[in-house]
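Chemist:
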Amino acid sequence: MSTIPRVSSAVPGEPPHFGSVLAHQPAIAASFFALYGRFWQSEVLSARIKEVARMRNARVTECGFCRNVRFDKALGQGLGEEVVDDITDGYETSAKLTDAEKAVLKFTDALIHDPELLTGDARAALQRHLTPAQIAELGLGVTLFLALAKALITMGLEPEQMDRTVLPTPAVLEAAA
Amino acid sequence: MSAVCAALAADPVLARHYADFRGETEAALDPALVALVREAVAAVHGMGAAPDESGLDEGTRTALAYARRMPFEHTAITDPQAAAVVAHLGEAGFVAFSVLAALADAECRAALVDLPGLAASG
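Line by line, the protein sequences are chains A and B.
Our numbering puts the first residue of the first sequence at 30, with every later residue one more than the last.
Our numbering puts the first residue of the second sequence at -14, with every later residue one more than the last.
(1) At which residues does the alpha helix (DSSP H) containing A:Leu104 begin and terminate?
(2) Taking 7 Å as the threshold (beta carbon to beta carbon), is B:Asp5 in contact with chain A?
(3) What residue range does the alpha helix (DSSP H) around B:Thr47 cover?
(4) Count the CB pairs spanning the region 78 to 87 of chain A and the region -12 to -4 of chain B that are closer than 8 Å, and state whether there are at least three.
(5) So, are the CB atoms of A:Gln163 and A:Val73 less than 7 Å apart?
(6) Would you mind telling me which residues of chain A sit closer than 8 Å to B:Arg94, beta carbon to beta carbon, in chain order?
(7) Ignore the nearest five residues each way along the sequence and tell me which others in B:Gly107's own chain have a CB closer than 8 Å to its CB.
(8) Classify B:Thr63: buried if its beta carbon has 16 or more other beta carbons within 10 angstroms, exposed otherwise.
(9) Can you determine whether any heavy atom of the ligand MG sits closer than 6 Å to the C-beta of A:Leu108, and answer yes or no?
(10) Would you tell me roughly how many angstroms separate the C-alpha atoms of B:Leu49 and B:Ser83, rounded to the nearest one?
(11) When you check each C-beta in the region 33 to 65 of chain B against every C-beta of chain A, which residues fall closer than 7 Å?
(12) Check whether the Cβ of B:Val26 lies closer than 7 Å to any Cβ atom in chain A.
(13) Along the chain, where does the alpha helix (DSSP H) that runs through A:Leu64 open and close?
(14) For A:Leu104, which residues from the same chain have a beta carbon less than 7 Å from its beta carbon, with the 5 sequence-adjacent residues on both sides left out?
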């Protein structure tokens, strides 16, 4: 996995990072940030649940950037590091993750890794804990987390080193509303 | 319609934003290349036949080889492989291509877990 950017920044004075590289394609960037802001702003599914799925994706796809970023809204909903530490293999036995979060993690693993993991029981658990609207939103989120982590990695935008960084949760820009 | 769009049928706002993002990504590339990438990635997932590459130029075949690694080998793509795609598509094209290939992979996976079915029944 390369940590040398494979594409330059399109923003003068800025180093290559996801935003500055995506700026090579302004229409893609604008539509993505509008979508991502809307997704995180929606309260159909809690930010904590979304972040649980995002953290799992970060670990499975080996996205160092994703793994070290935390969104503040999920932190405010109690997703501290002691819980994040349990979003690893063996999460099924965690005493800190809720049953709903474990069902979400199983779905996440099935989507990003192996669809066979979504057994009848796992499917039933997901549908017991989440409404159809919440499952749709979760599916959108995991799809975006996976795709963007892979795009970031393949464009060589993995940081060589990165401290844990708390960022404001993505929001809808006025122009994109 | 992609599995994600189908699952979002009850949320027209998110569905529209997702369709916009998907559409802008595809619009940045040649439609024939978009179709080839989607076919190639789907074939890796066992969701259809691989595209016929016999009449394609070397640059397009190189790009498809890159796309085919996205589902299971994304961390193994090398700098020279990526550089070859940049040489073929340019930097802006490479960015759109990388997003498209990754999105195509994720959409196949969403279909494989039957996301629309999960989101339709409670």
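Just so you know, even glycine gets a beta-carbon here, dropped at the ideal spot from N, CA and C.
Model, not experiment: these values are computed from the prediction.
Modeler: Taking the coordinates as given:
(1) Sequence index remark: in the first sequence, residue 104 of chain A carries index 75 (1-based). 101 to 105 is the span of the alpha helix (DSSP H), which, as asked, contains A:Leu104.
(2) Here residue 5 of chain B refers to the residue found at position 20 of the second sequence. Any Cβ of chain A closer than 7 Å to the Cβ of B:Asp5 would place that residue at the interface, and such an atom is present.
(3) Walking along the second sequence from the start, residue 47 of chain B turns up at place 62. It spans 43 to 58 - the alpha helix (DSSP H) in which B:Thr47 sits, taken as one unbroken run.
(4) Contact fails: fewer than three Cβ-Cβ distances are below 8 Å.
(5) The residue you call residue 163 of chain A lines up with position 134 of the first sequence. The residue you call residue 73 of chain A lines up with position 44 of the first sequence. Result yes, Cβ atoms of A:Gln163 and A:Val73 sit closer than 7 Å.
(6) By 1-based counting over the second sequence, the position of residue 94 of chain B is 109. Going along chain A in sequence order, the residues near B:Arg94 (Cβ under 8 Å) are Leu140, Ile141, Pro144, Thr172, Leu175.
(7) Stepping through the second sequence from its first residue, residue 107 of chain B is reached at position 122. For B:Gly107, the predicted model reports a pLDDT of 47, less than 50, meaning its position is unreliable; a value from the coordinates is still stated below. Same-chain partners within the cutoff: there are none.
(8) Translated into the one-based positions of the second sequence, residue 63 of chain B becomes position 78. So B:Thr63 ends up on the exposed side.
(9) Absence of the ligand MG from the depicted structure is noted, as is the absence of any ligand whatsoever, leaving it without description.
(10) Within the second sequence, the letter at position 64 stands for residue 49 of chain B. Within the second sequence, the letter at position 98 stands for residue 83 of chain B. Going by C-alpha positions, B:Leu49 is about 11 Å away from B:Ser83.
(11) Those residues of the region 33 to 65 of chain B that come within reach of chain A (Cβ to Cβ, closer than 7 Å) are Met55, His59, Thr60, Ile62, Asp64.
(12) Within the second sequence, the letter at position 41 stands for residue 26 of chain B. No, because no Cβ of chain A sits closer than 7 Å to the Cβ of B:Val26.
(13) Numbered from 1 along the first sequence, position 35 holds the residue referred to as residue 64 of chain A. From DSSP, the alpha helix (DSSP H) with A:Leu64 extends over 55 to 70.
(14) For the purposes of this step, residue 104 of chain A is taken as the residue at position 75 of the first sequence. Only residues of its own chain outside the window of five on either side were considered, and among them Val195 have a CB closer than 7 Å to the CB of A:Leu104, listed in chain order.
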